Amino acid sequence: MLYHTLLLLHLIGACIWIGGHLILSLQIVPKALVKKDVQLIQQFEKIFEPIGIPSLVIQIITGVWMAIFQYGIQFNWDNAIQRNIIIKLSLLVLSLLLALHARIFIIPKLSLVNLPMMVLHIRFITLVALLMVFFGLQFRFGGL
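Numbering (the working numbering), first residue to last: 1249 to 1392.
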């Protein structure tokens, strides 16, 4: 029962995180680029962060807990499930590094000059999130 609860929380967090980034990437960013208005992105970030960041934290906690609970702590590239865990953890680290870089270096000085760099970050973090869904789905099928 604990595993099912963790999985449900993990999936809800993923829906929020990925849904928000898809909206940002496919709706807000194109409008911001056409209108040359960085405030559209800033407004979205202000609205999304209070629910997006907690959903990411929930995913991290539940994901690590499920990996330990279900599969133990082994990093064996020859095992398909363990390989999936390694890949998902690597994608998580990449997401966190991208988010930190954006939060520290881009967002505080967001302007039309660095908007292309912000857009690149948004699109890349959305791609990473989608890859995490793909590799998460692989647990159901025994890994890649």
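C-beta: ideal position from N, C-alpha, C; glycine also.
Predicted, not measured: the structure shown is a model, and the values here were computed from it.
Comparing alpha-carbon positions, the option among Leu1385, Phe1387, Ala1377 lying closest to Ile1264 turns out to be Ala1377. The C-beta distance from Val1381 to Ala1262 rounds to 6 Å, short enough to meet the 8 Å contact threshold. Phe1387 is a Cβ neighbour of Ile1329, given a cutoff of 8 Å. The three-state secondary structure of Ser1359, taken from DSSP, is coil. Annotated three-state conformation of Asn1332 is helix, per DSSP.
The three-state secondary structure of Trp1325, taken from DSSP, is coil. Taking the Cβ atoms as the reference, Trp1313 lies roughly 6 Å from Leu1254, within the contact range of under 8 Å.
Buried is the label assigned to Gln1307, since at least 16 other Cβ atoms lie within 10 Å of its Cβ.
A straight-line Cα-Cα distance of about 18 Å links Leu1348 and Ser1273.
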